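What follows is one structure encoded as structure tokens, with my remarks underneath.
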Amino acid sequence: MNSNWREAMPSATAYLVSKVLYRLHHRPEDLAAFNADRMAYLERYPLSEELRIALRDDDIAALYLSGTNPYLLRAHCIGVGIPEKVSLAALRSAGDAPNG
Amino acid sequence: MAEVAGVFAASHTPVMLNFADAIPAADREAVFAAFKDLGRRIEACRPDVLVVISDDHVHNFFLDNFPAVCIGAAENYETPVEHWLKAEHRTLPGHAAFAAHLLHEALDEFDPSFSMELTLDHGVLTPLELAGVTRDLPLVPLLINCVQPPMPSMRRCLQWGKLLHKAIASFTGVQRIAVLATGGLSHDLSTPRMGLLNDAFDFEFVRLLGERDERALAAFAAGHVHEAGNGAEEVRTWLVARGAAGGAPLDVMFHKGIADWYTGICIAEWNLAK
Numbered sequence: 001m002n003s004n005w006r007e008a009m010p011s012a013t014a015y016l017v018s019k020v021l022y023r024l025h026h027r028p029e030d031l032a033a034f035n036a037d038r039m040a041y042l043e044r045y046p047l048s049e050e051l052r053i054a055l056r057d058d059d060i061a062a063l064y065l066s067g068t069n070p071y072l073l074r075a076h077c078i079g080v081g082i083p084e085k086v087s088l089a090a091l092r093s094a095g096d097a098p099n100g
Numbered sequence: 101m102a103e104v105a106g107v108f109a110a111s112h113t114p115v116m117l118n119f120a121d122a123i124p125a126a127d128r129e130a131v132f133a134a135f136k137d138l139g140r141r142i143e144a145c146r147p148d149v150l151v152v153i154s155d156d157h158v159h160n161f162f163l164d165n166f167p168a169v170c171i172g173a174a175e176n177y178e179t180p181v182e183h184w185l186k187a188e189h190r191t192l193p194g195h196a197a198f199a200a201h202l203l204h205e206a207l208d209e210f211d212p213s214f215s216m217e218l219t220l221d222h223g224v225l226t227p228l229e230l231a232g233v234t235r236d237l238p239l240v241p242l243l244i245n246c247v248q249p250p251m252p253s254m255r256r257c258l259q260w261g262k263l264l265h266k267a268i269a270s271f272t273g274v275q276r277i278a279v280l281a282t283g284g285l286s287h288d289l290s291t292p293r294m295g296l297l298n299d300a301f302d303f304e305f306v307r308l309l310g311e312r313d314e315r316a317l318a319a320f321a322a323g324h325v326h327e328a329g330n331g332a333e334e335v336r337t338w339l340v341a342r343g344a345a346g347g348a349p350l351d352v353m354f355h356k357g358i359a360d361w362y363t364g365i366c367i368a369e370w371n372l373a374k
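Heads up: the sequence lines are chains L and E, in that order.
Numbering of the first sequence is given in the working numbering, commencing with residue 1 and proceeding in unit increments.
Numbering of the second sequence is given in the working numbering, commencing with residue 101 and proceeding in unit increments.
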């Protein structure tokens, strides 16, 4: 059966990406640092290079596939001003990956 | 002893405020009119306290310590927590005494957490804002984890509603306590299905909310929620309200899938007189 969730229990990777997104949208100083130099800000976290690049490039499909919390990803899309059509198209492009 | 003055439920979504114009004017006006009607009905039942059953959308709580159920026990609440939500900043009054009573009652059967400082998000604020219930009515937020698995089971949420009813009936501090559940019906957030709804799930779920067979309701919700989207996990809040309403029939004030707001929108009241 398909699932509403990438992971029934978040993985350590999903937790870490969620932690970045949570801080960006609850600590104004973190969002300011991210906006000033994204890669420098992301060096604060032990992320894989792929996920650091995904966060730098607003790669919403890759962030979805990481298993990050969907509400934090949604807040991120609105919070950094990614156009709705762009984020929806990116999510659709990840549509073949099964959850469960 | 207090009485259950009214039990209501309404969908919420931040796009009602942020992207209100994303849907046809006729739909928007019908939804907003139904929320105004909801506000009039809440006012008409003259509550001293309003228990708002909602979910924290990963603002007050994070995955480092995420309560399955949290009772707000503060004297007031700042809102909104989202820096991106198009809503006026407000301080909403709380009702700490009923919150404390509910906690004491609950801890005999359940294990809720409590918080004496919550900055409420769009889940609580949006329906109150649209219903015009944001000034003098003291709130008790009852926040159910609907946003990050693992989550309370559907069956458990019905039981929480019964506990809420019992706690209202044993409270001596006020006379009338109303209940408002807020949460989406079918919708998806940040998934490839975002924007798709499931009307079949929504209409059957709403039909079952007005029936007496609560086992069928819980089984339907648990068995089909994965066909209705991760946002539909918020039907847990509706189940708590149904538990508090105790099998009364449901008066559906508005129900339509609004795909461009990403959510099935329903506004309803349990008819406690019948």
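Note that the Cβ used here is the ideal one computed from N, Cα and C, for glycine as well.
No experiment lies behind these values; they were computed from the predicted model shown.
Start-to-end residues for the beta strand (DSSP E) that takes in E:PHE214: 213–215
Residue of E:GLY194, E:ALA134 and E:GLN259 minimising C-alpha distance to E:ALA174: For E:ALA174, the closest of E:GLY194, E:ALA134 and E:GLN259 by C-alpha to C-alpha distance is E:GLY194.
Euclidean distance between Cα positions of E:GLY261 and E:VAL340: 4 Å
Members of the segment 247–269 of chain E that neighbour chain L once the beta carbon cut-off is set at 7 Å: VAL247, GLN248, PRO249 and PRO250
Beta-carbon separation (whole angstroms), E:GLY331 vs E:ASP288, contact threshold 8 Å: Indeed they touch by this definition, with Cβ atoms about 6 Å apart.
C-alpha gap between L:TYR15 and E:GLY329, whole angstroms: If you take the alpha carbons of L:TYR15 and E:GLY329, they lie about 21 Å apart.
Delimiting residues of the alpha helix (DSSP H) encompassing L:CYS77: 70–79
Terminal residues of the alpha helix (DSSP H) in which E:ALA223 lies: At residue 223 of chain E the sequence reads Gly, which differs from the Ala that was named. From DSSP, the alpha helix (DSSP H) with E:GLY223 extends over 222–231.
Cβ-based burial, L:GLY100 [other Cβ within 10 Å; buried from 16]: Since pLDDT at L:GLY100 reaches only 45, below the 50 mark, its modelled position is unreliable, and no value is offered.
Interface residues of chain E facing L:PRO10 [CB-CB closer than 9 Å]: LEU163, GLN248 and PRO249
E:MET294 (DSSP reduced to helix, strand or coil): coil
Residues bridged to E:GLU369 (per DSSP): Per the DSSP secondary-structure output, E:GLU369 pairs in a beta bridge with E:PHE108 and E:ASP351.
Partners in chain L for E:THR337, counting only beta-carbon separations shorter than 9 Å: What E:THR337 touches in chain L: nothing, since even the nearest Cβ is about 15 Å away.
Interface flag, L:TYR22 vs chain E, CB-CB below 7 Å: yes
Alpha carbon of L:TYR64 to alpha carbon of L:LEU91, nearest angstrom: 7 Å
Same chain, Cβ closer than 8 Å to L:ARG38, neighbours up to 5 away in sequence not counted: Closer than 8 Å at the Cβ level, and outside the excluded window around L:ARG38, lie LEU55 and ARG56.
Chain E within 7 Å of L:ARG92, Cβ atoms only: yes
Residues that E:GLY357 bridges to, as DSSP identifies them: E:GLY364
C-beta neighbour in chain E for L:ILE78, strict 7 Å: Chain E contact via Cβ: present.
Any C-beta of chain E under 7 Å from that of L:GLY100: Confidence at L:GLY100 is low in this model, with a pLDDT of 45, below 50, so the placement of that residue should be treated as unreliable; the coordinate-derived value is given next. Not one chain E Cβ lies under 7 Å of L:GLY100.
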